[in-house]
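Residue numbers for the sequence shown follow UniProt numbering, beginning at 1 and rising by one.
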Amino acid sequence: MPHWLVIDLEATTDDGGWPLAEMEIIEIGATLVNREGRELDHFQRFVRPLRRPLLTTFCRELTHISQANIDAAAPLAEVWEAFERWLGQHQARLEGWASWGDYDRRQLEQDWRQLQVTSLLSGVPHANLKQRFAKARKLQKPLGLNGALQLAGLQFSGQQHRALEDARNTARLLPLILPV
Numbered sequence: 001m002p003h004w005l006v007i008d009l010e011a012t013t014d015d016g017g018w019p020l021a022e023m024e025i026i027e028i029g030a031t032l033v034n035r036e037g038r039e040l041d042h043f044q045r046f047v048r049p050l051r052r053p054l055l056t057t058f059c060r061e062l063t064h065i066s067q068a069n070i071d072a073a074a075p076l077a078e079v080w081e082a083f084e085r086w087l088g089q090h091q092a093r094l095e096g097w098a099s100w101g102d103y104d105r106r107q108l109e110q111d112w113r114q115l116q117v118t119s120l121l122s123g124v125p126h127a128n129l130k131q132r133f134a135k136a137r138k139l140q141k142p143l144g145l146n147g148a149l150q151l152a153g154l155q156f157s158g159q160q161h162r163a164l165e166d167a168r169n170t171a172r173l174l175p176l177i178l179p180v
């Protein structure tokens, strides 16, 4: 049975946002699900940013990630290596990977270039579920994750802007978006 990987990232930012080139991943959340959206395995790690190691007040309040979580974390190079080891055991059945919007894919591709790594995900098709949901529902404008869940008659489960919980909630919409 084919599996899908849904990834969500949290990153350094401030009120008003930062350009992608200035953002650094501070949390990776991934859920491996079947086509019905049922979780088979998951991965979650905090990541210590190197360029701006102190989180802004806005970032801490938005994500509910503490400075202590980040200070105790490994840098992205180590965390990504652990992710790739975890992913390797599932790669043979991986049909695709997805995220809510295109930010996560773009951030990962930027970081892979900086780390000079070729990810196992590089050869796996990516789906922007935010765009696919808008198209499937014939919406004029894509919705945020919480709005899409509400439109689908679902409530957000857990803490918003935490990587694994956002990934799990995104995965709940997967069966409504993927072609049968």
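In this text, a Cβ means the ideal position worked out from N, Cα and C, and glycines have one as well.
Which one or two residues does DSSP pair with residue i in a beta bridge?
i                : result
histidine 126    : Trp97
aspartate 8      : Gly29
valine 117       : In the DSSP output, where bridge partners are listed per residue, valine 117 has none listed.
phenylalanine 46 : Glu27
aspartate 41     : Leu32
histidine 3      : Asn34 and Leu94
Taking just the CA atoms, how far does residue j sit from residue i?
i             : j           : result
leucine 143   : leucine 20  : 21 Å
aspartate 41  : valine 33   : 7 Å
arginine 105  : glycine 123 : 13 Å
alanine 74    : glycine 147 : 33 Å
glutamine 131 : arginine 51 : 32 Å
Against chain B, does residue i count as a neighbour if the rule is that its beta carbon must be under 8 Å from one of theirs?
i          : result
leucine 76 : Although the question refers to chain B, the structure presented lacks it and comprises just one protein chain.
If you check the beta carbons only, do residue i and residue j fall under 8 Å apart?
i           : j              : result
glycine 29  : leucine 174    : no
leucine 121 : isoleucine 177 : no
Item to complete: Could you tell me whether the stretch 4 to 19 touches the stretch 47 to 66, where touching means 3 or more Cβ pairs closer than 8 Å?
Response: yes
Practice prompt. Note down, one range per segment and in chain order, each beta strand (DSSP E) of at least 3 residues found wholly within the stretch 77 to 114.
Written response: 94 to 99
Worksheet item: Per the contact definition of three or more C-beta pairs closer than 8 Å, is the stretch 104 to 118 in contact with the stretch 152 to 160?
Response: The way I'd put it, the stretch 152 to 160 doesn't touch the stretch 104 to 118; fewer than three beta-carbon pairs between them come closer than 8 Å.
Worksheet entry | Three-pair Cβ contact test at 8 Å for the stretch 94 to 109 versus the stretch 164 to 173 | Yes: at least three Cβ pairs fall under 8 Å.
Worksheet entry | the stretch 70 to 81 contacting the stretch 43 to 55, beta-carbon criterion three pairs below 8 Å | yes
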